[in-house]
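Have a look at the structure below, then the notes.
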Amino acid sequence: MKKRLLFGLVILIILVVIFSGMMLFKDKQYAWISISVAVLACVPFFLQFEKRNNDIKKLVLIAVMVSLSVISRIIFTPLPGFKPVTALVVITAMYFGSEAGFMTGALSAVISNFYFGQGPWTPFQMLIWGLIGFFGGVFAKRLLESKFDLAMYGVLSGIVFSSAMDTWSVLWVDGSFNVSRFLTTVIASSQFMIIYAVSNVIFLLLFSKPIGKFLDRIKTKFQL
Amino acid sequence: MEILHIENLSFRYPKAEKYAIENINLSINSGEFIVVCGESGCGKTTLLKLLKKELAPAGEKSGKVFYNGLSQDELDDKVSAAEIGYVLQNPDSQIVTDKVWHELAFGLENLGIPTETIRRRVGEMASYFGIHDWFRKNTDELSGGQKQLLNLAAIMVMQPKILILDEPTSQLDPIAASDFIATLQKLNRELGLTIILAEHRLEEVFPIADRVILMDKGKVLLCDTPKNIGQNFGKIQDDHPMLLALPSAVRIFNALQIKDECPLTVKEGRNFLDKHFSNFKCADVELDYNYNNEVAVELKNVWFRYEKDLPDILCGTTVKVYKGEFYCILGGNGTGKTTSLNVISGLNKAYRGKVIVDGKPIKEYKSNSLYYKKIAFLPQNPETVFLKDNLKEDFLEILEALDVPKNEREEKIIKVSEKIGITHLLNKHPYDLSGGEQQKCALAKILLLEPTILLLDEPTKGLDAYSKYTLKTILAELKKDGITIIIVTHDVEFAAENADRCALFFDGEILSADTPSRFFSENNFYTTAANRMARHLWSHAVTCEQVINCCKKSGGD
Amino acid sequence: MKAFGNYHPATLMIYFISVLLVAMFVSNLVLQLLSLSGAILFSVMLQKRSEILGNIGFYIPLFLLIAITNPLFSHNGVTPLFFLNGNPVTFEAIIYGIAIAVMIVGVMIWFKCYGEIMSSDKFLYLFGKAIPKLSLVLSMAFRFIPLFKRQLQKVNKAQKALGLYSSKSFMDKLRSSSSVFMAMISWSLENSMDTSDSMKARGYGLKGRTTFTLFRLYSDDIVLMTLCVSLMAITFTGIATGLTDFHYYPYISNLNRSPSAIIIYIAFGTISFLPFVIEVKEALAWKYYISKI
Ligand SMILES: Nc1ncnc2c1ncn2[C@@H]1O[C@H](COP(=O)(O)OP(=O)(O)OP(=O)(O)O)[C@@H](O)[C@H]1O
Ligand SMILES: Nc1ncnc2c1ncn2[C@@H]1O[C@H](COP(=O)(O)OP(=O)(O)OP(=O)(O)O)[C@@H](O)[C@H]1O
Ligand SMILES: [Mg+2]
Ligand SMILES: [Mg+2]
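Protein chains in written order, with our numbering: chain L, 66 to 289; chain Z, 27 to 583; chain A, 137 to 429.
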């Protein structure tokens with residue numbers, strides 16, 4: 066009962082925050098809503114993670130995977146867009162489940178932006194990389210079994226990532242969904258979308274097997 | 027008062043045929059300083075980990091461990107975490123957080139101690155260990171010695187009753203190592219802390235222990251005071267490999283077989299030699315060494331720094347190493363020994379000065395011609411040499427990269443493995459090997475390149491005395507084949523026994539290269555225990571063997 | 137008085153959130169200009185001279201790009217100036233482009249300042265209480281990143297000395313770098329298990345964990361926080377009551393120049409210039425102090 070009350074209260078507060086923001090920032094209300102939603106959508110995942118009694122080894126492994134994806138993003142700085150981050154997030158999810166996937170994705174975004182610069186894009190990167198990890202965990206079985214599915218998942222994540230960022234920037238700049246600006250942005254960033262998709266596929270196919278082998282080895286050697 | 031009691035403890039790793047430790051019975055009193063020693067793989071780490079329930083490895087365990095009369099299952103989690111402190115083998119990987127102050131507070135946070143108390147305890151500990159200067163630094167900016175001190179301090183803030191340490195000084199230079207041990211001794215004396223320490227380098231810890239536990243193949247061979255072990259061990263088993271590991275004074279005593287009390291420390295050894303040999307002077311050792319005049323490696327006024335706005339690491343370094351020579355570089359932690367090996371092997375580029383290998387400037391070697399049949403480099407961390415998850419595959423890959431014909435590959439691998447003695451390991455994963463085995467396998471891999479110049483960075487780190495002895499024979503054989511060997515080491519005994527010439531790295535330069543006899547006899551701290559013991563009689567005797575020979579020749583008693 | 141970065145993380149976070157809310161979501165031109173100039177002044181104080189030049193080289197073209205391209209996307213507005221490809225280019229769209237550029241550049245510079253000021257330990261402190269487990273994971277990651285990077289360098293060197301990087305062909309290079317990267321991953325995973333042992337040995341996972349921090353709330357912090365919150369309350373009242381309402385389409389609205397609106401501008405201006413003022417004061421204090429020694 067108490068739990069339900071608390072839950073209701075939290076929902077109420079969230080709604081109040083969003084609506085008062087909408088009233089305040091009339092002509093930027095869509096930007097406001099989208100950024101609030103991005104932040105708030107991460108919250109339940111984080112709280113769930115906090116509540117659960119995780120194995121220490123799993124905690125450390127998430128930290129390792131986050132560090133690896135941040136390092137990979139730093140190493141590949143000279144090639145814009147061509148990054149193994151998504152691949153590492155999906156691989157973590159495939160072997161350790163949705164929750165680990167979400168955490169790895171979301172935390173990689175926050176931490177790597179300590180090196181690349183935070184901005185209004187941080188919450189979106191967190192949510193999207195997190196969700197890519199989450200669904201990677203949901204479809205883990207299929208992704209592990211079929212190379213084709215894995216590649217398709219890579220392409221899809223590239224497209225989703227790129228278009229979500231475009232949508233946000235249009236909403237923010239125009240205060241509404243300006244179709245012509247959206248199309249231009251999509252065209253302008255289409256080469257990035259392609260690079261994202263291609264790099265995801267390449268890195269997923271290249272890494273999933275060897276890293277999977279390492280992870281399996283760790284799992285048996287240290288009894289995870 | 028008994029603080030730890032071990033009863034019939036046996037343990038077997040999953041899928042292992044043999045027990046890693048078997049039927050251990052021990053009783054440890056509060057305030058004791060215990061040293062655990064034994065060959066690599068005899069089960070020291072396994073035993074120590076079993077003493078702390080959080081770290082007990084998974085496997086088949088029987089027997090019991092009691093702490094203050096309580097068996098491990100009955101022991102409260104908080105008590106166990108706080109009162110049994112454990113410093114792991116690798117100083118780098120046990121640091122959890124990114125800031126020094128947070129690392130110090132980490133254990134206390136876990137125990138749920140309020141912030142104000144944490145502040146006080148952390149402050150006290152930081153001043154005790156002299157950490158206040160780097161209290162706010164990132165943990166990653168610390169030197170090896172600082173990291174090890176931090177690990178100790180991070181345990182000590184939890185106010186443990188027992189401190190367990192697994193080879194805590196293996197990465198430290200001799201001076202830092204003896205400082206660290208002095209700190210432990212102080213903690214033992216001033217706080218009455220019970221200390222259990224596993225070590226390969228026994229020179230300093232052996233004499234200060236209350237009891238020494240000597241393990242052999244998973245069993246306790248001897249558990250006695252150092253005095254008794256020194257006195258009797260050599261008589262019970264006169265060919266046990268662990269005899270090589272004992273401190274110099276004991277080894278000299280054992281070799282001379284004089285009826286007297288066994289000396290342990292340098293001071294006692296000195297008195298012992300005085301008592302029996304001061305009236306019988308024999309000539310001093312004078313090993314003059316004839317070198318080949320051809321130069322293998324030469325650095326001429328070399329300057330190097332890592333980045334534009336970082337300080338110089340090499341400042342006008344000048345060295346000449348002759349063909350077929352065994353050249354040894356000693357020096358403190360973080361002075362630049364590894365860096366200078368990297369410069370010699372062309373991995374770091376000097377911004378001024380010349381590096382000449384085999385008569386040719388290093389710049390003129392194109393692509394990998396420098397690394398095939400010329401220079402080979404065994405890095406400080408041997409695990410960095412392996413890429414594959416199976417040793418043999420790893421070896422095959424490197425041969426493929428070198429364009430060795432397919433039919434010769436297998437043969438080459440077998441030849442090298444037999445030479446080094448690792449044939450039985452070829453099908454293992456590199457990370458499943460012990461430190462010593464890793465070291466040997468890495469050496470085998472670089473020998474596949476058929477080098478004429480071998481650079482070894484701290485090859486004796488973490489090796490037991492017997493493996494060191496094997497390494498010594500391997501290196502002697504390579505030297506016989508005409509290979510030039512340059513090693514960097516913290517192990518003064520190893521340097522004294524093997525080197526043709528030794529040099530000290532200090533302040534960006536390589537100083538005073540000379541034969542070990544002359545090099546060590548002029549140093550006060552950077553010298554062997556044997557030399558410190560015997561220098562007033564034979565000033566140039568630096569190894570145990572030399573001292574023993576001198577004694578024998580002078581025929582005292 | 138201390139430099140801005142030395143304030144308590146909570147104070148700083150409240151400050152940045154308040155400024156960024158206005159900078160990102162309010163379209164009043166005056167407030168936007170105040171925010172941009174505050175950001176520029178602050179970042180000038182934080183950065184070295186060479187960096188400032190580089191930033192000018194980056195932000196001015198960005199500003200122009202945003203300002204100029206807006207009329208191409210947006211044909212709203214009632215004052216067409218000329219036609220391009222049959223589409224009207226309006227006066228309002230041009231002004232809106234400039235306003236948008238002011239906003240975007242302003243927000244970006246504010247975030248840059250945020251990055252300089254809110255170092256990882258401040259960030260971790262703020263979230264350490266709310267999400268302790270995650271913030272520990274973050275702290276571990278900050279520890280691992282340099283450690284793994286160093287390991288990667290070591291593997292790289294070791295392999296180079298084995299002749300691995302000798303080939304000039306692109307495919308070989310790619311192959312060797314990826315196998316080095318793999319070796320680093322494998323090492324990291326293996327080694328991290330020691331870290332988890334070390335955590336367990338020190339009692340991680342026991343009930344009732346506390347969080348320790350070096351940050352303390354001083355009276356300076358409370359003063360700044362109060363100032364910040366009250367000025368922000370004034371600003372938001374103004375925004376909520378429509379005093380600062382401003383729109384560009386279909387025609388540009390008149391700027392509200394009533395005394396109450398001016399109070400709002402002053403309030404937000406004070407907030408926006410606050411860090412700059414604090415930094416300047418600190419610098420002067422030092423100069424004065426040194427000249428006295
Ligand atoms: N995780 C493991 N799985 C299987 N066998 C293991 C494992 N760890 C150690 N062993 C084996 O158990 C034995 C004892 O190992 P242990 O690490 O305790 O030796 P040690 O005395 O500490 O050696 P060193 O001096 O090299 O550290 C060895 O034969 C080793 O190969
Ligand atoms: N990649 C690097 N970038 C910047 N500085 C470095 C790098 N590697 C080493 N250093 C610095 O150069 C100095 C010399 O390091 P080096 O590793 O050569 O010492 P060392 O004599 O081998 O020490 P040890 O005995 O601990 O192995 C140290 O102060 C170290 O901090
Ligand atoms: Mg061990
Ligand atoms: Mg070194």
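The beta-carbon is built from N, C-alpha and C at its ideal position, and this holds for glycine as well. Owing to the predicted nature of the structure, the values given are computational and were not obtained by experimental measurement.
Look at V514 (chain Z): its C-beta is not under 9 Å from any C-beta on chain A. Straight-line measurement puts the Cα of W237 (chain L) at about 27 Å from the Cα of F200 (chain L). Under the three-state reduction of DSSP, M241 (chain Z) is assigned to strand. Proximity of the segment 443 to 457 of chain Z to the segment 478 to 486 of chain Z falls short of the contact definition, fewer than three beta-carbon pairs being nearer than 8 Å.
Its chain contains D192 and E193 as the residues whose beta carbon lies nearer than 6 Å to that of Q115 (chain Z), once the 5 sequence neighbours on both sides are disregarded; these appear in chain order. Listed in chain order, the beta strand (DSSP E) runs fully inside the segment 533 to 567 of chain Z are 535 to 540, counting runs of at least 3 residues.
At a cut-off of 9 Å between beta carbons, W237 (chain L) contacts chain A. The three-state reading of DSSP puts R38 (chain Z) in strand, counting E and B together. Rounded to whole angstroms, K91 (chain L) and I267 (chain A) show a C-alpha spacing of 32 Å. Counting the other Cβ atoms within 10 Å of the Cβ of H562 (chain Z) gives fewer than 16, which makes it exposed.
For A567 (chain Z), not one C-beta of chain L is nearer than 9 Å to its own C-beta. Proximity of L220 (chain A) to chain Z, defined by a Cβ-Cβ separation below 9 Å, is not satisfied. Using a CB distance below 7 Å, the part of the segment 68 to 93 of chain Z facing chain L consists of A84, ordered along the chain. Counting only runs of at least 4 residues, the segment 356 to 400 of chain Z fully encloses the following alpha helix (DSSP H) elements, listed from N- to C-terminal order: 363 to 370. Per the DSSP secondary-structure output, P224 (chain A) pairs in a beta bridge with A:F219.
Per DSSP, I284 (chain Z) is not a residue of any alpha helix (DSSP H), being assigned neither H nor E. The closest CA to that of M268 (chain Z), considering only Z:K579, Z:Y492, Z:I536 and Z:N34, is found on Z:Y492. In the DSSP assignment, H31 (chain Z) forms a beta bridge with Z:S53 and Z:F92.
When secondary structure is reduced to three states using DSSP, F199 (chain L) falls in the helix class. Straight across, the Cα-Cα distance linking L475 (chain Z) with S395 (chain Z) is about 11 Å. Between F247 (chain A) and A96 (chain L), the gap from beta carbon to beta carbon reaches 9 Å or more. If you keep only unbroken alpha helix (DSSP H) runs of at least 4 residues inside the segment 181 to 215 of chain A, you get 185 to 209. T410 (chain Z) counts as buried, since at least 16 other C-beta atoms from the protein chains shown sit within 10 angstroms of its C-beta. Taking K498 (chain Z) as the centre and dropping the five residues before and after it, the same chain places the C-beta of F520, E523 and N524 closer than 8 Å to its C-beta, in chain order. For V291 (chain A), the residues of chain Z that pass the 7 Å Cβ criterion are T410, in the order they occur in the chain. Judged by DSSP in its simplified three-state form, V183 (chain Z) adopts coil rather than helix or strand. At a C-beta separation below 9 Å, S210 (chain A) has these neighbours in chain L: D239, N243, S245 and R246. Residue environment for L248 (chain L): exposed (fewer than 16 other C-beta atoms within 10 angstroms of its C-beta). Per DSSP, V347 (chain Z) is one residue of the beta strand (DSSP E) stretching across L340 to Y348. Separation of the CB atoms of S210 (chain A) and A237 (chain A) is rounded to 13 Å, and the pair is thereby denied contact status at 8 Å.
In terms of side-chain proximity, the C-beta atom of D483 (chain Z) is found nearer than 8 Å to a non-hydrogen atom of ligand 4. Placement of the Cβ of V291 (chain A) at a distance of 8 Å or more from every heavy atom of ligand 4 is found.
Of all alpha-carbon atoms in Z:T143, Z:C63 and Z:Y348, the one lying nearest the alpha-carbon of I479 (chain Z) is that of Z:Y348. Among the residues of chain L, none has a CB under 8 Å from the CB of L182 (chain A); the nearest is roughly 14 Å distant.
Taken through DSSP and simplified to helix, strand or coil, I121 (chain Z) comes out as coil.
In the DSSP assignment, F330 (chain Z) falls within the unbroken beta strand (DSSP E) covering V321 to F330.
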